[in-house]
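All the letters of the sequence shown, read from the start, carry residue numbers 5 to 745 under my numbering.
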Amino acid sequence: MKITFRLIVSLLFTTAVVVASFCYLQVHAEEKRLNEELSLRAAVLAKSFEGAIESYLTYTEQPERLKKYIEKFQGHKRLIGLIVDMKDGQRITLPPELAQGDLFRKESEKAMAENGAVESNSKWKQRKVNYYVIPLAKEGETVGALGLIHDRTFIVKQITDFWKNSAISFSILALILSITTLLIIRWSVTGPIARIAELIRRATVGEMPAQPKSLEEKGEIEKLFFAVSHMASSLKAVKLDLVEQSRLVNAQGTVWTKERLKDYLLTKLQGKQLYVVANREPYIHRKKGSAIECIMPASGVVTALDPVMRATGGMWIAHGAGDADRETVDKKDQLRVPPWKPSYTLKRVWLNEEEEKGYYYGFSNEGLWPLCHISHVRPVFRIDDWKQYERVNQKFAGALLDELDDSPSMILIQDYHFALLPKLIKDMRPDVKVAIFWHIPWPNPEAFGICPWQGDILEGMLGSDLIGFHTQYHCNNFLDTVDRVLESRIDWTTFGVIRGGKTSYVRPFPISVDCSSDGQMTVEAQTDELAKVKKNFGLEGKIIGVGVDRIDYTKGLLERFRAIERVLEKYPQYQGKFVFIELGAPSRTLIPGYQSHMKEVDELVQKINARFQNGNYKPIVFLKEHHGQSEIRNFYRLANFCLVSSLHDGMNLVAKEFVAARQDENGVLILSRFAGASHEFISALQINPYDIEGTAEAIHQALTMLPEERQERMRKLRSIVQEYNVYRWAADLITELVKSF
Ligand code: F6P
Numbered sequence: 005m006k007i008t009f010r011l012i013v014s015l016l017f018t019t020a021v022v023v024a025s026f027c028y029l030q031v032h033a034e035e036k037r038l039n040e041e042l043s044l045r046a047a048v049l050a051k052s053f054e055g056a057i058e059s060y061l062t063y064t065e066q067p068e069r070l071k072k073y074i075e076k077f078q079g080h081k082r083l084i085g086l087i088v089d090m091k092d093g094q095r096i097t098l099p100p101e102l103a104q105g106d107l108f109r110k111e112s113e114k115a116m117a118e119n120g121a122v123e124s125n126s127k128w129k130q131r132k133v134n135y136y137v138i139p140l141a142k143e144g145e146t147v148g149a150l151g152l153i154h155d156r157t158f159i160v161k162q163i164t165d166f167w168k169n170s171a172i173s174f175s176i177l178a179l180i181l182s183i184t185t186l187l188i189i190r191w192s193v194t195g196p197i198a199r200i201a202e203l204i205r206r207a208t209v210g211e212m213p214a215q216p217k218s219l220e221e222k223g224e225i226e227k228l229f230f231a232v233s234h235m236a237s238s239l240k241a242v243k244l245d246l247v248e249q250s251r252l253v254n255a256q257g258t259v260w261t262k263e264r265l266k267d268y269l270l271t272k273l274q275g276k277q278l279y280v281v282a283n284r285e286p287y288i289h290r291k292k293g294s295a296i297e298c299i300m301p302a303s304g305v306v307t308a309l310d311p312v313m314r315a316t317g318g319m320w321i322a323h324g325a326g327d328a329d330r331e332t333v334d335k336k337d338q339l340r341v342p343p344w345k346p347s348y349t350l351k352r353v354w355l356n357e358e359e360e361k362g363y364y365y366g367f368s369n370e371g372l373w374p375l376c377h378i379s380h381v382r383p384v385f386r387i388d389d390w391k392q393y394e395r396v397n398q399k400f401a402g403a404l405l406d407e408l409d410d411s412p413s414m415i416l417i418q419d420y421h422f423a424l425l426p427k428l429i430k431d432m433r434p435d436v437k438v439a440i441f442w443h444i445p446w447p448n449p450e451a452f453g454i455c456p457w458q459g460d461i462l463e464g465m466l467g468s469d470l471i472g473f474h475t476q477y478h479c480n481n482f483l484d485t486v487d488r489v490l491e492s493r494i495d496w497t498t499f500g501v502i503r504g505g506k507t508s509y510v511r512p513f514p515i516s517v518d519c520s521s522d523g524q525m526t527v528e529a530q531t532d533e534l535a536k537v538k539k540n541f542g543l544e545g546k547i548i549g550v551g552v553d554r555i556d557y558t559k560g561l562l563e564r565f566r567a568i569e570r571v572l573e574k575y576p577q578y579q580g581k582f583v584f585i586e587l588g589a590p591s592r593t594l595i596p597g598y599q600s601h602m603k604e605v606d607e608l609v610q611k612i613n614a615r616f617q618n619g620n621y622k623p624i625v626f627l628k629e630h631h632g633q634s635e636i637r638n639f640y641r642l643a644n645f646c647l648v649s650s651l652h653d654g655m656n657l658v659a660k661e662f663v664a665a666r667q668d669e670n671g672v673l674i675l676s677r678f679a680g681a682s683h684e685f686i687s688a689l690q691i692n693p694y695d696i697e698g699t700a701e702a703i704h705q706a707l708t709m710l711p712e713e714r715q716e717r718m719r720k721l722r723s724i725v726q727e728y729n730v731y732r733w734a735a736d737l738i739t740e741l742v743k744s745f
């Protein structure tokens, strides 16, 4: 509509300019013609009067006689006055009032002086008039002048009428032009465009476009229409082809597996060594009485990266935090892990109490952790903690550099504990490729600005060739922060930070789990094992919910238990029948905030249990200890639902582990929409953990969901975890890093 309007307005404007110019020229010519006609007429009339009047000049001493004579000329067409001016100043006029004043006196005098005709246009009595004056002679000598006044208003009227008629013609022309334009545009432009749009829409939803007719007799728009039809058909063919190809590829097993990752990296890395640096070690040795046990800690980093390292080999450098760790390493502080199937090397770095307190508990977990999670716990930044953070980063840099030989290597640094490490390594070894993966959220620049050492942290991270986050949202926040804090150039098309001639790319890599693990157990063995667990925990015949977390204020444990209390209150039919098992691993217990949180959670659980307790029945079983992976998997499999209520979480791998464990395609995942996993898991029941009523309703919905819906949702979730598993995550990250070699 806008186009049509613009077209009509410009057409009308151009037409108006052209019509007005032509009219002006025409009017000008017509006016000239009428004026010439009038002066000719005046000249002829004056000449015819001249002789007769001159004969009366003898009687100038008797003006009455001349007056009487000129009265005879009255009534000539458009002649409205006549003046006879004598050289001596005498004036005889018709009508008589012309005698007053000096009207046209100058013209008369000029005619006498020049002895020739003089003409002028002027106004008299509100009328436009023409004055034509010729000299009068007596015996060959000029004695006076005869002037004729003609009415000119007919010329003005004719011109005005002409303009009026032209305006009417133009309006009719404008109307015809507008209607014609409108129709032409409708038929030849907007109509075909609408047809093309419809065609594209139909092609998008997979409908076949109409068969193109012959092109010969078609216009340009029609040709475009057919070109689009053709393109739509080709696109559809390509789409079908791709669907088919991907079906074939999937059928051949392109899902990433540890074997595939291994083969892939053999070709990609071409002999390059892979190093992982993470604070948390994948295997901790601790004393149990006189024996030593080896456990895998509750850690997202370990869950994700241990299977990758088992597939690829290489070295994992981490803080040796177990009380029996020193007793289980060789002279180089190394050991092969996992102990039951050695696949890669774990190198332990030792920290003294002061270092651990400042770097791990202090700066990392009282500073950066709450800073990045924004879950209403105030970050604490102390200069001493920062100093230890710097020192420990240097210590890890040293430990890594000691291991590097001359060949190019790939270093994958994990998390917020090592923001300074990329630069420290690159300064010493510019030839190695470094990626840092930030496992927790990255807040907006204003929030991050709280950190007094934000510039150092960003500079340290930008030593990396590649910086990874779980979501694009966190990447954007990071780039915005760099833009705000450092002198650098952000290339928003490639998501790169260019600084001092070096580019660091920032990319999202949503981390995941190994979906294939534990496939060895037979169905029968599994059933037996689950029956045992049920018996041990008094869960036979019970409806079961499960939660698995490090006990951390970001996990929303208080909100979770309040929602469980609300369900029991609102739906009393669950009392005595519903049990929620919380597998809570104590975490960062030296930090006062964690101690008080643990106390608060404990008290709430006791209060709820006391309220609904009946004999041996308690609705919440809070198991506050470390749990092995197979034990956790048993609970995942027993549960009717798993509840993840994080107030803010980078990804949350518990959600993915639960789905991976449900080979029976049963069970419901209730997932906080503030966990990174919620971007992929749209088939989960998503909740706002702060909304207790809403979470309680989601639990009720999970428990009353029809089996078909449960299965459908779980199938969708499982297909995501199977396709986007941790091997694919590692392959994507390494592929991106290899590009920079
Ligand atoms: O998932 C985020 C994370 O900080 C990991 O980096 C870490 O392994 C995990 O939480 C557990 O924390 P921590 O190592 O402090 O026990």
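Idealized CB from N, CA, C, for every residue including glycine.
Residue i (DSSP reduced to helix, strand or coil)
i      : result
Asn356 : coil
Cys376 : helix
Gly275 : coil
His631 : coil
His289 : strand
Leu38  : helix
Val305 : helix
Thr760 : Summary: the structure shown does not reach residue 760, with the chain confined to residues 5 through 745, and so no result is reported for it.
Asn670 : coil
Arg95  : strand
Thr332 : helix
Ala255 : Unreliable placement is indicated for Ala255, whose pLDDT of 42 sits below 50; the coordinate value is still reported in the next sentence. Helix, per DSSP.
Ile444 : coil
Tyr73  : helix
Gly654 : coil
Leu428 : helix
Ile454 : coil
Asn692 : coil
Gly366 : helix
Proximity test, Cβ basis, 7 Å: residue i and chain B
i      : result
Glu607 : Of the protein chains in the structure, only one exists, and it is not chain B.
Cβ distance (whole Å) where residue i is taken to contact residue j below 8 Å
i      : j      : result
Ser468 : Val517 : Actually they do not touch by this definition, with Cβ atoms about 25 Å apart.
Val137 : Glu111 : 5 Å
Leu181 : Thr19  : 6 Å
Pro343 : Ile454 : About 43 Å; that fails the 8 Å criterion.
heavy atom of ligand 1 below 6 Å from residue i C-beta
i      : result
His323 : no
Ser591 : yes
Arg284 : yes
Asp419 : yes
Leu303 : It should be pointed out that residue 303 corresponds to Ser in this sequence rather than to Leu. At least one heavy atom of ligand 1 is nearer than 6 Å to the Cβ of Ser303, so yes.
His443 : yes
Residue range of the beta strand (DSSP E) that includes residue i
i      : result
Ala141 : Arg131 to Lys142
Leu737 : Taken as a continuous stretch (DSSP letters only), Leu737 belongs to no beta strand (DSSP E), being part of the alpha helix (DSSP H) at Val730 to Val742.
Ala295 : Ala295 to Ile299
Tyr509 : Lys506 to Pro512
Leu416 : Ser413 to Gln418
Glu586 : Phe582 to Ala589
Thr485 : Element bounds for Thr485: not the beta strand (DSSP E) but the alpha helix (DSSP H), Gln476 to Val489.
Asp495 : Arg493 to Asp495
Arg284 : Per DSSP, Arg284 belongs to no beta strand (DSSP E) and is neither H nor E.
Arg503 : Gly500 to Arg503
Extent of the continuous alpha helix (DSSP H) run through residue i
i      : result
Arg717 : Pro711 to Glu727
Ile183 : Thr157 to Ile189
Ala702 : Ile696 to Thr708
Asn397 : Ile387 to Glu407
Arg340 : It is not in any alpha helix (DSSP H) - Arg340 instead sits in the beta strand (DSSP E) that spans Gln338 to Val341.
Val384 : Val384 -> no alpha helix (DSSP H), and no H or E assigned at all.
Val571 : Leu561 to Lys574
- Can you list, in chain order, the stretches of the beta strand (DSSP E) that have 3 or more residues and sit fully within the segment 530-556? When DSSP assignments are scanned along the segment 530-556, the uninterrupted stretches of beta strand (DSSP E) that are 3 or more residues long and fall wholly within it turn out to be 547-554.
- Along the chain, which unbroken stretches of the beta strand (DSSP E) at least 3 residues long are found entirely within the segment 596-645? Runs of the beta strand (DSSP E) lying entirely within the segment 596-645 and spanning at least 3 residues, in chain order: 624-628.
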